[in-house]
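This report concerns only the one structure given below.
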Amino acid sequence: MLRMRRHVAWLSVLGGLGLFVVAGCPKKDDKKDDGASTASKSEKKASQDKSADDDDDDDDDPPPPKTKKHHAGSKKVAHKGGSGATVPNKQSLKTELDDDDTSGADDVDDPPKDACDDEPEGAAECDGKKLNFCKKHALWVVDCNAAAKKAGFKMGGSCFERDDQVDCMGCTVADDGSSVCCDNEDGICCDDDGYCWKG
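My numbering puts the first residue of the sequence shown at 101, with every later residue one more than the last.
The following block contains the structure:
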């Protein structure tokens with residue numbers, strides 16, 4: 101009787117442990133669900149991180165450039181400092197030989213070979229702030245910056261190749277802070293981008 105009770109007791113204990121083991125172990129489906137849940141959380145976090153990175157990139161983007169406004173009625177008809185060639189040739193525009201600027205020009209001591217041999221009188225090209233031109237089959241040069249300062253332009257001046265001629269122009273500061281260069285004799289003004297108008 102005692103043995104039987106002990107045997108029954110052991111069965112009860114083992115049965116209880118069995119229930120505990122069965123109840124405590126997760127099902128295969130539960131593990132699968134946990135994995136899917138973990139993957140879903142990982143994907144969500146990656147998506148959030150990517151969104152944060154995208155926001156950072158947007159913050160680092162420079163603002164769009166402002167469109168520069170030109171003088172009302174102006175047209176793009178000039179090149180400040182020149183458009184390429186620096187030595188006058190048969191296709192060059194001309195400058196006014198009786199102009200105040202060119203009257204104070206200096207002849208070039210060591211000109212390029214054949215310069216101004218066959219070029220028309222007054223053929224001219226800009227070389228930055230210098231104006232090179234032909235006169236009596238010799239190459240002459242004017243420092244437009246120095247000439248403009250001498251004429252009273254505190255900012256100096258530069259050489260401009262306009263659609264009709266090449267000329268030195270004196271520069272000053274406009275109301276908006278930009279540079280404006282003018283030829284007082286012709287009444288023409290141009291900005292740094294080559295947009296010109298009647299001053």
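Ideal Cβ placement from N, Cα and C applies to all residues, glycine included.
8 Å CB neighbourhood of Asp243 in its chain, flanking five on each side removed: Lys229 and Lys230
Rounded separation between Asp292 and Asp264 - CA only: 18 Å
Three-pair Cβ contact test at 8 Å for the region 172-183 versus the region 249-264: With three or more CB-CB distances shorter than 8 Å, the region 172-183 counts as touching the region 249-264.
Collapsed DSSP secondary structure at Thr272 in the structure displayed: strand
Opening and closing residue of the beta strand (DSSP E) in which Ala178 lies: Ala178 to Lys180
Val280 classed as buried or exposed, judged by whether at least 16 other C-beta atoms fall within 10 angstroms: buried
Local Cβ density within 10 Å of Asp199, reported as buried at 16 or more and exposed below that: buried
Beta-carbon proximity of Ser192 to Glu225, cut-off 7 Å: yes
From Thr195, Pro188, Pro220 and Lys194, residue whose alpha carbon lies closest to that of Val208: Per the C-alpha coordinates, the member of Thr195, Pro188, Pro220 and Lys194 positioned closest to Val208 is Pro188.
For Asp243, the first and last residue of its enclosing beta strand (DSSP E): Ala238 to Asp243
Euclidean distance between Cα positions of Leu290 and Ala215: What sits at residue 290 in the sequence shown is Cys, not Leu. C-alpha of Cys290 to C-alpha of Ala215: approximately 29 Å in a straight line.
Check whether Gly294 and His179 have beta carbons under 7 Å apart: yes
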